[in-house]
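Numbering (my numbering), first residue to last: 59 to 180.
Beta carbons are placed, not taken as given, at the ideal position from N, Cα and C, and that holds for glycine.
Rendered as structure tokens:
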């Protein structure tokens, strides 16, 4: 078992599997597991997200449920690449075909209470 620093870098998500989708207080999150690594890493989200290709969602969902349902579609996916762009957006590409991409904005919204996104060990 490998010990990892307490504040993970996005690049450490490569080859990790999403094993949990949920919400803690007001923040949606994804939990990532990597074979041979303990503990898991959790991505908390407090910004706009996009998933491409866009999933089909029911029309009657409010924006809060829309985010959770969208993220739930990623459960079980394996990260193929993880980058942070010049605007601090986190971009995760998964190993499925066609390649699914999750982008978490690096810019806060009016409702953002801290960082737009952050990673923590669980």
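Secondary structure of residue i, DSSP reduced to three states
i: residue 112; result: coil
i: residue 151; result: strand
i: residue 158; result: coil
i: residue 84; result: coil
i: residue 130; result: helix
i: residue 163; result: coil
i: residue 68; result: helix
i: residue 75; result: strand
Inter-residue spacing [alpha-carbon to alpha-carbon] between residue i and residue j
i: residue 178; j: residue 66; result: 7 Å
i: residue 169; j: residue 107; result: 14 Å
i: residue 130; j: residue 150; result: 15 Å
i: residue 156; j: residue 180; result: 30 Å
i: residue 72; j: residue 93; result: 11 Å
i: residue 100; j: residue 120; result: 24 Å
i: residue 137; j: residue 153; result: 6 Å
i: residue 123; j: residue 135; result: 20 Å
i: residue 81; j: residue 126; result: 8 Å
i: residue 103; j: residue 160; result: 12 Å
i: residue 115; j: residue 139; result: 25 Å
i: residue 77; j: residue 109; result: 18 Å
Among the options, nearest to residue i - alpha-carbon criterion
i: residue 96; options: 84, 79, 74; result: 74
i: residue 176; options: 157, 116, 94, 87; result: 87
i: residue 112; options: 71, 132, 170; result: 132
i: residue 172; options: 84, 70, 77, 79; result: 84
i: residue 70; options: 80, 128, 78, 90; result: 90
i: residue 98; options: 104, 105, 114, 79; result: 79
i: residue 68; options: 116, 105, 148, 104; result: 148
Handout entry: the segment 143 to 150 in contact with the segment 162 to 169 per 3-pair CB rule at 8 Å
Key = yes
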